[in-house]
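Under the working numbering, think of the first position of the sequence shown as 3, with each following residue one higher. Here a beta-carbon is modelled for each residue, glycine too, at the ideal position from N, C-alpha and C. Below is one structure, written out as structure tokens; comments come after it.
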Amino acid sequence: MHTSDIVVIGAGIAGSSAAAELAADARVTLLEMEAQPGYHATGRSAAYFAPSYGHPIVRELAACSAPVFRKPPPEFTDVELFRPRDYVMFGRADQAESLRREQEAEPGLEWLDADDVQALVPVFADGYLHGALRDRRGGDLDVDALLQGYLKTFRRRGGLLLGERRATALEWRGGAWRVDAGGERFEAPVLVNAAGAWVEQVAALAGLPPLGISPLRRTALTIDPPAGVCVADWPEMFDVDEEFYFKPDAGLILISPADETPSEPCDAQPEEWDVAMGVHRFEQATGLDIRHVRHRWAGLRTFAPDRLPVLGEDPRAEGFFWLAGQGGYGVMTAPAAAALIRRLVTGAPLENEFADLGSLEGDLAPERLITRKRGNRP
Numbered sequence: 003m004h005t006s007d008i009v010v011i012g013a014g015i016a017g018s019s020a021a022a023e024l025a026a027d028a029r030v031t032l033l034e035m036e037a038q039p040g041y042h043a044t045g046r047s048a049a050y051f052a053p054s055y056g057h058p059i060v061r062e063l064a065a066c067s068a069p070v071f072r073k074p075p076p077e078f079t080d081v082e083l084f085r086p087r088d089y090v091m092f093g094r095a096d097q098a099e100s101l102r103r104e105q106e107a108e109p110g111l112e113w114l115d116a117d118d119v120q121a122l123v124p125v126f127a128d129g130y131l132h133g134a135l136r137d138r139r140g141g142d143l144d145v146d147a148l149l150q151g152y153l154k155t156f157r158r159r160g161g162l163l164l165g166e167r168r169a170t171a172l173e174w175r176g177g178a179w180r181v182d183a184g185g186e187r188f189e190a191p192v193l194v195n196a197a198g199a200w201v202e203q204v205a206a207l208a209g210l211p212p213l214g215i216s217p218l219r220r221t222a223l224t225i226d227p228p229a230g231v232c233v234a235d236w237p238e239m240f241d242v243d244e245e246f247y248f249k250p251d252a253g254l255i256l257i258s259p260a261d262e263t264p265s266e267p268c269d270a271q272p273e274e275w276d277v278a279m280g281v282h283r284f285e286q287a288t289g290l291d292i293r294h295v296r297h298r299w300a301g302l303r304t305f306a307p308d309r310l311p312v313l314g315e316d317p318r319a320e321g322f323f324w325l326a327g328q329g330g331y332g333v334m335t336a337p338a339a340a341a342l343i344r345r346l347v348t349g350a351p352l353e354n355e356f357a358d359l360g361s362l363e364g365d366l367a368p369e370r371l372i373t374r375k376r377g378n379r380p
């Protein structure tokens, strides 16, 4: 039997960042069901930092995470994690009210009229645009470098990462959680459930009723840019009602129909209908005729019913912590979420850019989604 202070289940960006932070104070074992970390949602991310995207609490988590992306800790990585790229929310005339609400929520956003947007991205069809809002704080993220930086930190702090260890049984016994995974047994008084789309399955192994966290499939595809058009400096272009978005991607154009199709936890694959919808919406906006899709993929974004992350100890089960429901914000909020889960598990203080995160604990706690009382026999 392997014993430690904390077992983290799931080595995507959420679990890996949390494990790295927790390893500063404790002996941590990180279990991943796949052969390599970050195979599912993390490895299929749009790799973008959009500080004015999502619920105000998500935006606060992203704002606290930004300093880590712009200036990582010493020895974290040798590559640049963040490259500035404007984030532009655009809309048609029938979406003018949505643009107004976004500007009220984020007064610092810069208004662009249709001609301003065309100057930035000269492919929109005449008459399509009403206007847009520009956020100059956005940027591309090197997701793999971020993930590897956390894993390097985790190993440097003595953490143990084991792949191909799918949890098959959980039991609370003698003041500790016993985890059967990959034919081995692991034991720790604290278990952090960071299993992404599989978090409810992990909780069920512990005998916990569901919180209502659901995986939703999202599709992405890439196309060639129009002949003679350089897309390298385009912003990320995001329909204000999240009907679709597009952005530059290694010389190509990445498009997503912003679909949210309920799915079982799985190795998500793109559906032809969703790919076609992404192409159609881009063609409607631009008037371009897309004949060939270079690449297509899909991933699962996992949401709680209120679309906020779930962070904290389950009041029904001692030592069982949730780190779940990150939706489409997991990468850009990872540093803040990891700092907060470290504080909740170990009591470590929140410092520097994370100092004010404590005020969010109640908003993110699993108690908001349950009514059962504490106990390890739900």
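Beta carbon of residue i nearer than 7 angstroms to that of residue j
i: Val-192; j: Gly-40; result: no
i: Asp-2; j: Gln-97; result: Only positions 3 to 380 of the chain appear in the structure, and residue 2 is not among them; the question remains open.
i: Ala-49; j: Val-145; result: yes
i: Ile-15; j: Gly-209; result: no
i: Leu-213; j: Leu-33; result: no
i: Ala-360; j: Leu-366; result: Reading off the sequence shown, one finds Gly at residue 360, where the question assumed Ala. The answer is no: Cβ separation not under 7 angstroms.
i: Pro-149; j: Leu-83; result: With the sequence shown as reference, residue 149 is identified as Leu, and Pro is not the correct amino acid for it. No, Cβ-Cβ distance for Leu-149 and Leu-83 is not below 7 angstroms.
i: Leu-24; j: Arg-344; result: yes
i: Ala-21; j: Phe-240; result: no
i: Ile-119; j: Leu-135; result: Here the sequence assigns Val to residue 119, which means Ile is not the residue at that position. Contact: no.
i: Trp-236; j: Pro-272; result: no
i: Asp-117; j: Gly-133; result: no
i: Phe-305; j: Gly-327; result: yes
i: Phe-51; j: Gly-110; result: no
Paired residues, beta bridge with residue i - DSSP
i: Met-239; result: Val-90 and Phe-248
i: Arg-175; result: Ala-178
i: Thr-224; result: Leu-256 and His-297
i: Arg-46; result: DSSP, once it has assigned bridges, lists no residue as partnering Arg-46.
i: Glu-315; result: Phe-323
i: Phe-305; result: Ser-216
i: Glu-112; result: Arg-136
i: Pro-264; result: Leu-218
i: Asp-142; result: Tyr-50 and Arg-85
i: Arg-187; result: Asp-182
i: Leu-193; result: Val-9 and Phe-322
Heavy atom of the ligand HEM within 6 angstroms of residue i beta-carbon
i: Tyr-130; result: The ligand HEM is not part of the structure shown, which contains no ligands of any sort.
Same chain only: Cβ atoms within 8 angstroms of residue i, ignoring 5 sequence neighbours per side
i: Ala-171; result: Arg-180, Val-181, Asp-182 and Leu-207
i: His-42; result: Gly-14, Glu-36, Gly-198, Ala-199, Asp-269, Ala-270, Gly-301 and Leu-302
i: Leu-362; result: Ile-59, Glu-62, Leu-63 and Leu-342
i: Arg-379; result: At Arg-379, the pLDDT of 45 sits below 50, so the modelled position is not reliable; the number obtained from the coordinates is stated separately. The residues are Gly-209.
Spatially closest choice to residue i from the options, by CA coordinates
i: Asp-7; options: Met-334, Phe-51 and Ala-178; result: Ala-178
i: Met-91; options: Asp-144, Pro-53, Glu-82 and Phe-71; result: Pro-53
i: Glu-245; options: Ala-43, Arg-46 and Ala-222; result: Ala-222
i: Leu-346; options: Pro-368, Ile-59, Asp-241 and Val-231; result: Pro-368
i: Val-389; options: Arg-344, Arg-370 and Asp-115; result: Past the boundaries of the shown model lies residue 389; the chain is included only from 3 to 380, so the question cannot be answered.
i: Asp-27; options: Ala-350, Asn-195, Ala-121 and Val-81; result: Ala-350
i: Lys-249; options: Gly-230, Thr-224, Gly-327 and Pro-74; result: Thr-224
i: Thr-348; options: Glu-315, Ile-372, Ala-319 and Gly-327; result: Glu-315
i: Gly-330; options: Arg-46, Gly-17, Met-3 and Arg-29; result: Arg-46
i: Trp-174; options: Met-3, Ala-319 and Leu-325; result: Ala-319
Contact set for residue i: own chain, Cβ-Cβ below 6 angstroms, skip 5 residues either direction
i: Val-9; result: Thr-31, Val-181, Phe-188, Ala-190 and Leu-193
i: Ala-197; result: Ile-11, Gly-12 and Val-204
i: Arg-138; result: Asp-88
i: Gly-184; result: Glu-166 and Arg-167
CB contact check: residue i to chain D, cutoff 7 angstroms
i: Pro-259; result: Absent here is chain D; the protein component of the structure consists of one chain.
Other residues of its chain near residue i: CB distance less than 7 angstroms, five sequence neighbours each side excluded
i: His-297; result: Leu-223 and Thr-224
task: Pair every Cβ in the segment 155-162 with every Cβ in the segment 279-298, then say whether three or more of these pairs are closer than 8 angstroms.
output: Under the 8 angstroms Cβ criterion, the segment 155-162 does not count as touching the segment 279-298, having fewer than three qualifying pairs.
message: Using a Cβ distance threshold of 8 angstroms, determine whether the segment 324-341 contacts the segment 60-69, with at least three qualifying pairs required.
response: The segment 324-341 is in contact with the segment 60-69.
message: Quick check: the segment 211-229 against the segment 255-266, are at least 3 beta-carbon pairs closer than 8 angstroms?
response: Contact holds between the segment 255-266 and the segment 211-229, because three or more Cβ pairs, one in each stretch, are under 8 angstroms apart.
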